[in-house]
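**Student:** Handing you this structure, nothing more for now.
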Amino acid sequence: MFGTVLTAVTFGSCSARSLHWAELLRPAPRRLIFYDQDGESDKGAAWLMETLPPAERVIWNNLQAGDKDLTDYHQHGGDLGKLVKGWLA
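Mind the numbering: the sequence shown is residues 0 to 88 in numbering that gives the first Met the number 0, read in order.
Right, dumping it as structure tokens:
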């Protein structure tokens, strides 16, 4: 799935807001935003949704207490492909 249907990119942190890099994503037909669920990422996600409409923020269910990002999700048995497919349907 990765590389054929979707490409993952990172801005490094929720406060790293580069209009230059964001604009490179504009040609993508769909933009899903998977920021950390640590409570600090809301501003970064809001900025991307304003900058690149119609971007969509994806909220997933943590698998274990203390999980905050997709790395934790994956390491605790989460299926990233299944998670993304649910949003692409």
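All C-beta atoms in this analysis are idealised placements derived from N, C-alpha and C, irrespective of residue type, glycine included. Here the structure is a predicted model, which is why all the values come from computation and not from measurement.
Restricting to runs no shorter than 4 residues, where is the alpha helix (DSSP H) found entirely within the region 59 to 83?
**Tutor:** Qualifying alpha helix (DSSP H) stretches, in chain order: 69 to 74.
**Student:** How big is the Cα-Cα spacing for Trp-20 and Gln-63?
**Tutor:** Numbered from 1 along the sequence shown, position 21 holds the residue referred to as residue 20. Numbered from 1 along the sequence shown, position 64 holds the residue referred to as residue 63. The straight-line gap from Cα to Cα measures roughly 32 Å.
**Student:** Could you name each continuous alpha helix (DSSP H) segment of 4 residues or more that falls completely within the region 6 to 39, going from the start of the chain to the end?
**Tutor:** Listed in chain order, the complete alpha helix (DSSP H) runs (minimum 4 residues) inside the region 6 to 39 are 18 to 23.
**Student:** Between which two residues does the alpha helix (DSSP H) holding Ala-44 run?
**Tutor:** For the purposes of this step, residue 44 is taken as residue 45 along the sequence shown, with counting starting at 1. Its alpha helix (DSSP H) spans residues 41 to 50.
**Student:** If you draw a straight line from the C-alpha of Thr-90 to the C-alpha of Glu-55, how long is it?
**Tutor:** Any property of residue 90 remains undetermined from this structure, which presents the chain solely from 0 to 88.
**Student:** For Asp-78, is the classification buried or exposed, using 16 other Cβ atoms within 10 angstroms of its Cβ as the cut-off for buried?
**Tutor:** Position 79 of the sequence shown, counted from the start, is the residue given in the question as residue 78. It is exposed - the Cβ of Asp-78 has fewer than 16 other Cβ atoms within 10 Å.
**Student:** So is Ser-12 buried or exposed if we call it buried at 16+ other beta carbons inside 10 Å?
**Tutor:** Here residue 12 is taken as the residue at index 13 of the sequence shown, counted from 1. When all chains shown are included, Ser-12 counts as exposed.
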